[in-house]
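Position in the sequence shown counted from 1, then plus 24, gives you the numbering used here.
Glycine included, each C-beta is placed from N, C-alpha and C at the ideal position.
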Amino acid sequence: MKYHKLTENAVKPEGFWGKLMIRSMNKGHSELTDWALAHFPIENGSRVLDVGCGGGRTVSKLCDLVGSGKVYGIDYSELCVKKAQKLNHKNVLCGRASISQAAVSALPFEDEKFNAVVAVETYYFWPDKLGDLKEIYRVLKRGGRILLVFEMLQDENNPDKWKSVENRLGIEAVSREGIEDMLFRAGYLNIRSHVKSGTTWLCAIAEKE
Ligand SMILES: C[S@@+](CC[C@H](N)C(=O)[O-])C[C@H]1O[C@@H](n2cnc3c(N)ncnc32)[C@H](O)[C@@H]1O
């Protein structure tokens with residue numbers, strides 16, 4: 025019961041269980057995020073957006089990478105925005121980070137604002153995956169890159185691996201080919217992906233021409 029309350033709050037954290045979930049995501053996704061970011065070099069001075077930023081741990085990691093640049097985080101959960109702002113208060117104060125409440129389907133940014141967009145463990149929940157990838161494409165500069173990060177990769181050897189979480193949250197584990205195909209259909213080029221051996225971790229990277 026408690027476990028269910030916790031996992032249900034991965035969708036849009038709120039209230040008591042949401043706070044616990046945020047703490048657990050900040051900790052539990054840290055190694056996955058470090059692994060994925062190692063495949064995604066970020067240049068000094070970059071303007072980077074973290075979509076579905078949750079409790080803000082990735083925003084904080086990105087702030088260490090952008091140098092004179094700036095990191096923006098958005099999440100549609102009010103609680104996540106508060107927690108991410110708190111975790112990153114120093115970076116927010118000095119203007120290196122800005123975190124606001126917004127949905128991926130309607131990003132509150134002008135066209136071609138970002139050098140890079142990162143999305144960790146959030147794609148499963150997006151309401152219109154193809155449209156949402158196109159919305160991210162809109163805010164990327166030409167030559168800008170997207171990084172999608174997943175822990176829930178389908179496992180051929182264990183097809184039921186994610187069944188209970190899929191059923192409970194109404195989401196689907198992803199496949200490497202499925203994600204690459206969606207990126208292609210959304211207009212991205214230079215699509216490549218990496219799977220960490222011995223795990224179900226996937227990161228996909230693509231570019232706007
Ligand atoms: C499993 S959490 C991952 C959070 C964070 N990226 C991390 O790795 O810890 C999924 C996050 O995506 C956010 N989210 C889900 N759907 C969203 C949407 N349509 N627009 C913006 N944020 C969304 C949720 O509020 C939640 O914070």
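Between residue i and residue j, what straight-line distance do the alpha-carbon atoms span, to the nearest angstrom?
i: LEU235; j: VAL75; result: Residue 235 is absent from the model: the chain starts at 25 and stops at 233.
i: LYS36; j: GLY42; result: 8 angstroms
i: MET176; j: ALA197; result: 5 angstroms
i: HIS113; j: GLY52; result: 21 angstroms
i: HIS28; j: PRO65; result: 36 angstroms
i: LEU135; j: SER92; result: Rather than Leu, the amino acid found at residue 135 in this sequence is Asp. ASP135 and SER92: Cα-Cα distance of roughly 21 angstroms.
Three-state secondary structure (DSSP) at residue i?
i: VAL35; result: coil
i: ALA62; result: coil
i: SER217; result: strand
i: GLY222; result: coil
i: ARG120; result: coil
i: LEU4; result: Look at the range of the chain in this structure, 25 to 233, and you will see that residue 4 is not part of it.
Quickly, what does DSSP pair residue i with across the bridge? List them, please.
i: LYS94; result: ARG71
i: GLU231; result: ARG169 and LEU213
i: ASP99; result: GLN125
i: VAL198; result: LEU177
Within the continuous alpha helix (DSSP H) that includes residue i, where are the two ends?
i: ALA210; result: Here ALA210 belongs to no alpha helix (DSSP H), and DSSP marks it neither H nor E.
i: GLY155; result: 153-163
i: ASN139; result: Segment 138-144 is the beta strand (DSSP E) holding ASN139; no alpha helix (DSSP H) there.
Taking 8 angstroms as the CB-CB cut-off, is residue i touching chain D?
i: LEU157; result: The structure shown contains no chain D; it holds only a single protein chain.
At least three beta-carbon pairs within less than 8 angstroms, the segment 61-72 to the segment 118-131: Taking a contact to require three or more Cβ pairs closer than 8 angstroms, the segment 61-72 and the segment 118-131 do not qualify as touching.
Inter-stretch contact (C-beta, 8 angstroms, three-pair minimum) for the segment 79-91 and the segment 177-190: Counting Cβ pairs under 8 angstroms, fewer than three are found: no touch.
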